[in-house]
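Have a look at the structure below before the remarks.
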Ligand code: AMP
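Residue numbers (this note's numbering): 1 to 206.
And the structure:
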């Protein structure tokens with residue numbers, strides 16, 4: 001089973017992808033997180049990815065597709081992709097290697113997405129994510145999970161957020177039409193409670 005989450009940054013793709021991967025007991029693939037881990041380890045991929053991510057640009061398709069092909073060779077039953085594909089080339093590549101069962105587009109207005117990203121925080125050690133408005137850490141700036149420092153993501157500045165919103169509209173939103181044509185797109189209102197959205201997503205998973 002292969003599921004894909006599309007949606008503007010801050011639309012809750014990560015949260016919903018995690019819930020769906022638990023529901024079906026399949027792998028959750030979050031490339032943004034994968035790159036951040038490499039950047040904090042200062043691996044050669046991390047150094048390369050940093051050059052793009054620090055400017056709010058997409059990592060080139062060849063690099064992304066190669067990573068995905070390696071990840072898919074490693075493990076099992078199915079995948080929930082969160083933040084992949086983001087371009088038509090990536091979507092065509094995925095469709096070529098593994099046909100997708102269902103694609104969820106989490107629809108959200110830019111203004112709300114911008115607010116959500118500005119209040120987003122992440123643990124610098126265990127990578128657990130927080131939102132200061134709806135799910136803050138119990139003790140300010142300290143991770144509930146591991147006691148690590150809770151920080152703002154380096155790319156969650158006003159300028160880089162705007163770059164990513166613009167990129168989303170230019171490069172990723174056209175994928176809706178691509179998946180609509182394949183008859184596997186579900187459009188979900190992302191301005192709703194987490195549990196309700198999850199329920200709708202499970203209902204549509206065939
Ligand atoms: P995210 O955590 O999903 O917001 O991703 C953080 C950054 O990683 C993005 O702004 C991109 O620079 C890069 N990235 C993540 N997924 C992809 C992808 N599928 N294609 C290209 N770049 C990506």
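By construction, the Cβ of each residue, glycine as well, lies at the ideal position given by its N, Cα and C atoms. Fair warning: this is a prediction, and the values are worked out from it, not measured in the lab.
Here residue 96 is exposed. Its C-beta has fewer than 16 other C-beta atoms within 10 Å. Residue 120 sits in a strand when the DSSP states are folded into three classes. Counting of Cβ neighbours within 10 angstroms places residue 32 among the buried residues, the total reaching 16 or more.
Of the residues assessed, residue 202 falls on the exposed side of the cut-off, its CB having fewer than 16 other CB atoms within 10 angstroms. Beta-bridge partners of residue 81 (DSSP): 4 and 29. A distance of 8 angstroms or more separates the beta carbons of residue 128 and residue 78. Taking a cut-off of 8 angstroms on C-beta distances, the stretch 87-106 does not touch the stretch 130-150, as fewer than three cross pairs fall below it. Judged by DSSP secondary structure, residue 53 falls within the alpha helix (DSSP H) whose first and last residues are 44-53. Assignment of residue 155 by DSSP, reduced to helix, strand and coil, places it in the coil class. The Cβ atoms of residue 49 and residue 39 lie closer than 8 angstroms to each other.
If the five residues before and after residue 122 are omitted, its C-beta is found closer than 6 angstroms to the C-beta atoms of 129 and 153, all from its own chain and listed in chain order. If you draw a straight line from the Cα of residue 175 to the Cα of residue 151, it is about 32 angstroms long.
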